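Asks:
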Amino acid sequence: MPSQKRPLVDVDQEDSMIHSWHDPEGGTIDLLPYLPSVEVQIPKTRRVWTSVAILDDPSVLDAWHEEAKIESRSRGANAAALIASGGPLGWYLDHLQTVEGVESGRFPDPLPYGLWNRMQRSPRFLIEPSDEEWDEWILAKADHMVRFRNLLTNVGAHRRFKKRVKAHVKAANVPGEGGLQQAHASLLAWWESVVQRMGDHLSRQRDGRFAARLRGSLSWLRSAAVGNDEPRLLVPVVAPWAQDILFALEQHPKPEKIEPFSGDEESGESNG
Numbered sequence: 444m445p446s447q448k449r450p451l452v453d454v455d456q457e458d459s460m461i462h463s464w465h466d467p468e469g470g471t472i473d474l475l476p477y478l479p480s481v482e483v484q485i486p487k488t489r490r491v492w493t494s495v496a497i498l499d500d501p502s503v504l505d506a507w508h509e510e511a512k513i514e515s516r517s518r519g520a521n522a523a524a525l526i527a528s529g530g531p532l533g534w535y536l537d538h539l540q541t542v543e544g545v546e547s548g549r550f551p552d553p554l555p556y557g558l559w560n561r562m563q564r565s566p567r568f569l570i571e572p573s574d575e576e577w578d579e580w581i582l583a584k585a586d587h588m589v590r591f592r593n594l595l596t597n598v599g600a601h602r603r604f605k606k607r608v609k610a611h612v613k614a615a616n617v618p619g620e621g622g623l624q625q626a627h628a629s630l631l632a633w634w635e636s637v638v639q640r641m642g643d644h645l646s647r648q649r650d651g652r653f654a655a656r657l658r659g660s661l662s663w664l665r666s667a668a669v670g671n672d673e674p675r676l677l678v679p680v681v682a683p684w685a686q687d688i689l690f691a692l693e694q695h696p697k698p699e700k701i702e703p704f705s706g707d708e709e710s711g712e713s714n715g
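Numbering (the working numbering), first residue to last: 444 to 715.
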């Protein structure tokens, strides 16, 4: 009997936090939206994940290692430093401190850090590339952000951030209730600031490249699979970014060759 076609994107009824994209070549990419620096529990599910992919580069391992050391000496010091430095991330963290019922300001970032450590025995991928093409993208991003018109947007940016938070809560266009809704509204305001500074074109370029590398990770898992089970890749993703990554996957970018992270590269939580 011919196999039935599966939807490219679904939201499982049992664990509706997770957004799934089924690769036509086999396997599934599960996007797990989360709030950065917020303590969360992984939703209960019958899914079995073959691998985890982090939307970052190997330098995040060094960052996690340093953040853990700082927290061991002074709990909350990482969040305090980011808040003092200002900018959208600092404003987001500062606002979370005022939200009741949300444990925030946790570093290293609880969900990606926890999943990375939990799946040490499985293949793990770091998705952000490191090549000449990516270097050109980084330079283009830097050039865009220092253009005079974009620098002008920094004037009054904190005030606009606060207005965005209030607008999202009033419009009820973010998930959750009470404190959780406030936290998601703050996160969405932060993310909008990030995309605005980067520009839509560069944002889409980044998402397309990441989607290609996620498909490449799934391709590697298929080639390494034992038996007939299709691989399932878990990807923690900042909540407002999830729909953009899904859209990029739906464009079916050509899978980009990628190898899993090697434990030989890791010393403690750093990349050697």
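C-beta: ideal position from N, C-alpha, C; glycine also.
Computed from a predicted model, the values in this text were never measured in an experiment.
#1: How do the region 659 to 676 and the region 539 to 556 stand: do at least 3 beta-carbon pairs fall below 8 Å, yes or no?
#2: Going by CA-CA distance only, name the one from F690, R647, E509 that's closest to S463.
#3: Excluding sequence positions up to five away, which residues of its chain have a Cβ less than 7 Å from the Cβ of F735?
#4: When you compare each of E575, A654, V481 to G622 by their alpha carbons, which one comes out closest?
#5: Go through its chain and collect everything with a Cβ distance to T471's Cβ below 6 Å, but skip five positions before and after it.
#6: Short check: CB of T493 to CB of S565, under 8 Å?
#7: By Cβ distance, which residues of its chain are closer than 7 Å to A685, with the 5 residues on each side in sequence left out?
#8: Which of the three DSSP states, helix, strand or coil, is assigned to L664?
#9: So P479 and V681 are supposed to be a Cβ contact under 8 Å. How far apart are they, rounded?
#10: Tell me whether H462 sits in a helix, a strand or coil according to DSSP, three-state version.
#11: Under the rule that 16 or more other beta-carbon atoms within 10 Å means buried, what is S517, buried or exposed?
#12: For a quick check, are the C-beta atoms of V495 and R567 less than 8 Å apart?
Replies: Put simply:
#1: no
#2: F690
#3: Because the chain in this structure spans residues 444 to 715, residue 735 falls outside the shown range and cannot be described.
#4: V481
#5: S463, H465, R675
#6: yes
#7: H462, L474, P476
#8: helix
#9: 6 Å
#10: strand
#11: exposed
#12: yes
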